[in-house]
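Below is one structure, written out as structure tokens; the observations come after it.
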Ligand code: COA
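In the numbering used here, the protein residues as written are 1 to 584.
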């Protein structure tokens, strides 16, 4: 079938549906929601059999849904209606939630039901639930709905569905999420922040400045015992986060967005708390998290061992890695390499493996008189390269990148620096840079990528700029193994496989082969040359006459609405009836 996506943005859920439907042999084109007339034009050009709206913030125009079947993905159980479905579910601590596929009609979320899938609702931030449970359920439900449509089955009117227990919910107002530090327990504070993370955040105050709060984590009694303070008081710092007391404990708060800045022209955006309030945070007592520590003690970096295997996780908010975070992680890799283990598993974060350099942190430098975005970009990419080099040259261990979450741009190439790359079935990779203002990219990709997919395959991946399902990545040799349907099954199996690798009879042979390969490759062309060539191109991106990267980053960080749909997604606008390949 010819399937047209109408979407607010090509976000991770839209991307998963895109790869899943293409995987079933459908021709999929995408039009971002810019204006009704543009959507109408897309329909006229593509002549779709079916329209899918994976993620829309506005209603589909009647001129479209009256003529075509439009499937709307609603992140709520059957009967639930409204724009804050998941926010309410998390705030209300629902035990079970779901995704419903509705047919668009005149009533928002009131159309006939094509399919629905429920799941247990995890206590986690909204964006994490959206990227995992909601996305997985949406893929199953959309595939089921598309199959029903293909064979001519009709959807069920909502009123006839006995299981409909959802209700119409208004947009969740800030007043409903307001934290009362003198009354709310830690679980309540966390639920409020989780329900609004990543958008819109909970409006509160930090150091007397009105701010939206994000990135909250429970504090342990061990750390709380070391700092006195009344409920609501900010009492300590760790990494870039602050510890705030509640009536029965405390929570770490990692990110904030002030309601406004001193310069009215500057639109504030999300940054680590320590970036917004450096002087205040510096005065707080530091409570660093040791690399090896109890599981419930929050911190960005964590290292643990199981027999001959070391596991290093780096749970950076949104997978973004600033200069300092890359440097800390590199030190942690150096530490892990000194340990008496044989295999080092790089686990990334729970939601993302990595999304490359920290674009918000770089954008912040553009707004500070003493800093420059070009310099910060340069520092950040060099720190990423140093980290990638540390992994690439770890000839004392066999290394594995285990993708629990998606990997994008430089984060995808960082994963390739390990000897083996494993992922689970639901993981997505975006192994390309060009979407960020034609960025050339570094992280030794010119060495790593052709080795895995060949020169032509590398060129296609970079040019096509499309997401890859893990199974496609495996097929083209970009990654080495795909197992486990989702992250938890995968995680368990990673331990088993890594342990088997460490105990394999030919471990020393494998390690010697790795050393020999590295030496041969170095003799042919030193890693330093790859790096210099890549960085010469990046230098032009950062400091050259063409401002595309700076403009694209500004648009990305400030979440500017799209003005057009990129041609590689809107194939109906290229005159092509073929889908670009995901490399041969
Ligand atoms: N730096 C800073 N923030 C980043 C980031 C980065 N490199 N990558 C993602 N984010 C943030 C987004 O701004 C968004 O923030 P929010 O919490 O305020 O919503 C959040 O992470 C999730 O990103 P989103 O784009 O909504 O997620 P997705 O899963 O739909 O898409 C990507 C994932 C990787 C395709 C997309 O985020 C992306 O293109 N990121 C930029 C990658 C990049 O160009 N890196 C620089 C070159 S190495």
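C-beta: ideal position from N, C-alpha, C; glycine also.
None of the values given here were measured: they were computed from a predicted structure.
Within the region 319–349, the complete beta strand (DSSP E) segments of 3 residues or longer fall at 343–348, listed in chain order. Close CB contacts of residue 239 within its chain, under the 7 Å cut and outside five residues either way in sequence, are with 299, 300 (chain order).
Across the structure, residue 53 and residue 5 are spaced so that their CA atoms are roughly 6 Å apart.
Taking a cut-off of 8 Å on C-beta distances, the region 130–149 touches the region 16–34, as three or more cross pairs fall below it. Around the beta carbon of residue 564, a 10 Å sphere encloses fewer than 16 other beta carbons of the protein chains shown; the residue is thus reported as exposed. For residue 234, the number of other beta carbons within 10 angstroms of its own is at least 16, and it is reported as buried. Taking 6 Å as the cut-off, the C-beta of residue 359 counts as close to a heavy atom of the ligand COA. DSSP places residue 518 in the helix class (H, G or I) of the three-state scheme. Here residue 544 is exposed, its C-beta having fewer than 16 other C-beta atoms within 10 Å. Take residue 314, set aside five residues on each side of it, and the residues of its chain with a beta-carbon closer than 7 Å to its own are 300, 301, 329, 348, 349, in chain order. As computed with DSSP, residue 252 is found in a beta bridge with 217, 243. Note that the C-beta distance between residue 81 and residue 3 is not below 7 Å. For residue 136, the three-state secondary structure derived from DSSP is helix. For residue 370, no beta strand (DSSP E) segment is defined, and its DSSP state is neither H nor E. Cβ neighbours of residue 204 within its own chain (closer than 8 Å, five residues either side excluded): 178, 179, 210, 211, 212, 213. If you look at residue 442, you'll find it isn't in any beta strand (DSSP E); DSSP assigns it neither H nor E.
In this chain, the beta strand (DSSP E) harbouring residue 118 covers 113–120. The alpha-carbon of residue 575 is positioned some 9 Å away from that of residue 46. Short note on residue 348: C-beta not closer than 6 Å to any heavy atom of the ligand COA. Counting other Cβ atoms within 10 Å of its Cβ, residue 292 stays below 16 and is therefore classed as exposed. In the three-state reduction of the DSSP assignment, residue 390 falls in the helix class.
Rounded to the nearest angstrom, the Cβ distance from residue 406 to residue 353 is 7 Å, consistent with a contact under 8 Å. Listed as beta-bridge partners of residue 73 by DSSP are 101. One alpha carbon belongs to residue 310, the other to residue 420, and they sit about 15 Å apart. Taking 7 Å as the cut-off, the Cβ atoms of residue 399 and residue 518 do not count as close. Between the C-alpha atoms of residue 319 and residue 288 there is a straight-line separation of about 21 Å. DSSP, read as helix, strand or coil, puts residue 19 in helix. Sorting 416, 483, 222, 464 by C-alpha distance to the C-alpha of residue 393 places 416 at the top. Not a single heavy atom of the ligand COA lies less than 6 Å from the C-beta of residue 310. For residue 29, the enclosing beta strand (DSSP E) stretches over residues 27–32. Relative to the ligand COA, the beta carbon of residue 12 is positioned inside 6 Å of a heavy atom.
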